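This report refers to the structure that appears directly beneath it.
Number of protein chains: 2
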Amino acid sequence: MTELFTPGAFEDSGGGPLYLQLQRLIAGAIASGQLKPGASLPSERELAAMTGLSRVTVRKGVAELVATGQLVQRRGSGTFVAPRVERLEQALSLLTSFTEDMERRGKTVESRWIARGLHAPAPEEVMALGLRTDDRVARLERVRSSDGVPLAIERASLPRDVLPDPMAVTDSLYAMLESLGQRPVRAVQRISAANLDPRDAELLGVGAGVAGLRIERISYLPSGKVVEFTRSLYRGDAYDFAVELKLAPDGERKPE
Amino acid sequence: MTELFTPGAFEDSGGGPLYLQLQRLIAGAIASGQLKPGASLPSERELAAMTGLSRVTVRKGVAELVATGQLVQRRGSGTFVAPRVERLEQALSLLTSFTEDMERRGKTVESRWIARGLHAPAPEEVMALGLRTDDRVARLERVRSSDGVPLAIERASLPRDVLPDPMAVTDSLYAMLESLGQRPVRAVQRISAANLDPRDAELLGVGAGVAGLRIERISYLPSGKVVEFTRSLYRGDAYDFAVELKLAPDGERKPE
DNA sequence: TAGTGGTCTAGACCACCCG
DNA sequence: GGGTGGTCTAGACCACTAC
C-alpha cells in the first residue's frame, strides 16, 4: 500500500508543481478506495523520503487536502484519511428542531454547551430581536452532534421575556419553548457559505478553512413577535438542504 | 499606511505563531478600513523585510487570507485587498432564472460559455433526467456574471427532446424553454457547501478553497417530465439565499 | 528589465502524543 | 524517549507582468 508513494509514481503523474502531483496522488488513492477512511498516511518525513521531495513541499501538498476536509492531521499522532460522513438530507422549509429531526431519523443527539446565560445584547441582537439596549438576552451556544459526529454549531439568542431561564434548557430548545407556550410558527432564513475560522473548525472537528453552510434564522410567534435569532454553522460535507420550488407568479416574475 | 508593518507592530499583536500575528494584523487593517478594497499590499519580500520575518512565513500568513477570499494575488503584479462584493439576496423558493433575477434588480447580466452542445450522457445525467443510455443530452455550461463580477457557474443538462439545439440558447435558458413551451413549473433543489476546486475558483475569480454554495436542481413540467438537471456553484460571499419556513404539521413533526 | 508571486530545498527547534 | 505534526529560516530559481 505504501508502494503508492515511490519516487516512480511521480513520473506518470501528469505535470505541474510537485506538491500538486503529490496531492493528486493522495486524492486519487482516497477516491479510488486504496486509502480508506481512517487509514493513516506515512509521516511527512517518510513521505518526503519516499518521494524525494522536501518536507515543506510534502506539507504543502497535504495542507490543501486538510483544508478541504479530505485528510485530518493530529499533532503527535499522524495524518489520516478523514472518516466518511454520512450526508443528511433535511427539508429546508419546515420549521423543525435539530433534536426532533434527528430523533425522526432514529439517530442519537448530543449537545455540548459552549455558553448559556443572560447577557447584555450585541447590536446585532438588538436589531434582530427588537430589544431595547438595556434589555437582556438569553444566549444558547452549543455544538450539535449526532451519533458522535459534530454536525453544527448553533448560536441562539432569545429575548429574556421569552426565555427567562436559559439554564433550564437541557436538550430541545423548541420543546422548551412549546412548554412555555412560545413555540414559533414561522421563520425566515438566510443561507450562505463561508470558510470555517479556526475556532469554529475545531468545534466541528475539521480543518480550518473547510466550507460551512451558514444559516441565519429569525422565528416568529403567531402574534408576530420575534422569538429567536439563531446563527448556525453546518458542516458543508455533512448536510444537504432540500427545497421545493414553485414557478413564480407572472406578476412577480416580470414586474414591467 | 505602510507603517502598519513595522517590526514594532508585532510586539503588541497578541501571542501565537508569527504568521498568525501577521494575518491578524492584515485582517484587522482590512476590517477597520485602513486597507481598502483594491489597495495593494507591500510585496512579500518587502513585508518580510519590514516585519523581520522570512518570506516563507509571510506567505503562509497571507495564504489563508487568500484562501478565505480577503486578499487576491496576481503573479507578476502584486497582492491586493479583495474588492468588496455586494451580497445579493435571492428567494430560494421561487423558480426563477438568473437572467430574470438580475434584470429585476436592474443589473446587467453577462454569460461566458464554457461548453454548449449535445453529448452522450454521464451516468448522473441518465439518472436525473431518466434517459436511456443511447439518448443524447444537451449540456450548457457557463459562468454567470452581473455588473462584471462573476457570481456563479451553471452546469445545466437537458434531454435532447426538450432542447434539440443547445447552440440556440444565447442568454436566458428559461426564456428559451418558454418559447418552446417547455418551461418548468416545479423543481427540487439540494443545497450544500463546498470548497471551490482550483478550476472553479479561477472561473469565479477567487482563490482556490474559497467556500462556495453548491445547488443541484431538478425541474419538472406540469406533466411531471424532467426538463432540466442543473448543478450550480455560487460564490459563498456573494449570495444570500432566503427561505421562509412554516411550522411542520404535528403529524410530520412527531411521527410516534 | 526589474519586480512580483509561485515553487522548492535542507535543516532546525518546538509542542504534543503515545507506548 | 522516540516519533508526529507545527513553526520558522535563508536562499534559490522560475514564470509572469508591467513598464
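Chains as they are written, first to last, in UniProt numbering: chain A, 1 to 256; chain B, 1 to 256. Even for Gly, the Cβ is constructed at its ideal location relative to N, Cα and C. All values reported here derive from a predicted model rather than from experimental measurement.
In its own chain, which residues sit with a C-beta less than 7 Å from the C-beta of residue i, not counting the 5 before and 5 after it?
i        : result
B/Ser97  : Ser172, Leu173, Tyr174
B/Val243 : Leu92, Ser93
B/Thr211 : With the sequence shown as reference, residue 211 of chain B is identified as Ala, and Thr is not the correct amino acid for it. Result list for B/Ala211: Ala193, Asn195, Gly236, in chain order.
B/Gln23  : Gly61, Glu64, Leu65
B/Ser43  : Gly78
A/Val81  : Ile30, Leu35, Lys36, Pro37, Gly38, Ala39, Leu71
A/Asp101 : Gln90
B/Arg183 : Tyr174, Leu177
B/Gly69  : Ala82, Val206, Gly207, Val210, Asp237
A/Glu202 : none
Let me make sure I understand the geometry here. Which of the options has the alpha-carbon closest to that of residue i?
i        : options                                : result
B/Arg139 : B/Ser145, B/Arg132, B/Val149, B/Ile114 : B/Ile114
A/Ala19  : A/Leu53, A/Ser219, A/Arg132            : The residue asked about is misnamed: residue 19 of chain A is Tyr in this sequence, not Ala. The option with the nearest alpha carbon to A/Tyr19 is A/Leu53.
A/Ser192 : B/Ile26, B/Glu154, B/Arg214            : B/Arg214
B/Leu158 : B/Val188, B/Ile218, B/Asp101           : B/Ile218
B/Val185 : B/Lys225, B/Gly209, B/Ala152           : B/Lys225
B/Ser145 : B/Tyr239, B/Arg116, B/Leu41            : B/Tyr239
A/Gly181 : A/Arg116, A/Leu221, A/Thr170           : A/Leu221
A/Arg231 : A/Ser32, A/Phe241, A/Ala156            : A/Ala156
B/Val58  : B/Gly28, B/Gln21, B/Arg84, B/Arg132    : B/Gln21
When you compare only the Cα positions, how much space is there between residue i and residue j?
i        : j        : result
B/Glu178 : B/Gly38  : 41 Å
A/Arg87  : A/Asp237 : 7 Å
B/Val143 : B/Gly205 : 11 Å
A/Glu141 : A/Glu154 : 6 Å
B/Leu196 : A/Ser223 : 43 Å
A/Gly251 : B/Ser93  : Residue confidence is low: A/Gly251 scores 41 on pLDDT, short of 50, so the model does not pin down where it sits. Its coordinate-derived value is still stated next. Going from the Cα of A/Gly251 to the Cα of B/Ser93 covers about 16 Å.
A/Val62  : A/Ile26  : 8 Å
A/Asp165 : A/Arg190 : 28 Å
A/Arg45  : A/Thr79  : 12 Å
B/Glu124 : A/Leu118 : 50 Å
A/Asp216 : A/Leu151 : Here residue 216 of chain A turns out to be Glu, not Asp, going by the sequence shown. About 16 Å.
B/Ala49  : A/Thr99  : 54 Å
A/Leu129 : B/Arg55  : 47 Å
A/Glu228 : A/Val162 : 9 Å
A/Arg74  : A/Glu110 : 23 Å
B/Val126 : B/Asp134 : 10 Å
B/Ala187 : B/Gly33  : 42 Å
A/Arg116 : A/Thr170 : 10 Å
B/Arg105 : B/Val149 : 15 Å
A/Pro17  : A/Thr51  : 14 Å
B/Arg112 : A/Ala168 : 55 Å
A/Leu131 : A/Val85  : 40 Å
B/Leu41  : A/Gly28  : 37 Å
B/Gly15  : B/Leu47  : 19 Å
Tell me which same chain residues have a C-beta within less than 6 Å of the C-beta of residue i, skipping the five on either side of it?
i        : result
B/Thr108 : Asp147
A/Leu233 : Ile153, Asp200, Gly212, Arg214
B/Ala67  : Gly207, Gly209
A/Phe241 : Gln90, Leu92
B/Leu95  : Ala187
Name the DSSP bridge partner or partners of residue i?
i        : result
A/Lys246 : B/Leu94, B/Arg186
A/Asp240 : A/Glu89
A/Gly212 : A/Ala194, A/Arg235
B/Tyr174 : The partner list for B/Tyr174 (beta bridge, DSSP) is empty, contrary to what the question assumes.
A/Val169 : According to DSSP, A/Val169 bridges with nothing at all.
Can you find the residues in the same chain that come closer than 8 Å, C-beta to C-beta, to residue i, ignoring five residues on each side of it along the sequence?
i        : result
A/Arg136 : Leu118, His119, Ala120, Pro121, Arg160
B/Leu245 : none
B/Pro198 : Ala208
A/Glu103 : Val109
Q: Report the residue ranges of all beta strand (DSSP E) runs contained in full by the UniProt domain "HTH gntR-type" (16 to 84) of chain B; include only those spanning at least 3 residues, in chain order.
A: Runs found: 71 to 74, 78 to 81.
**Message:** Runs of 4 residues minimum, wholly inside the segment 88 to 144 of chain A: which ones carry the alpha helix (DSSP H) assignment?
**Reply:** Fully enclosed alpha helix (DSSP H) runs of no fewer than 4 residues occupy 98 to 104, 123 to 129 of the segment 88 to 144 of chain A, in order along the chain.
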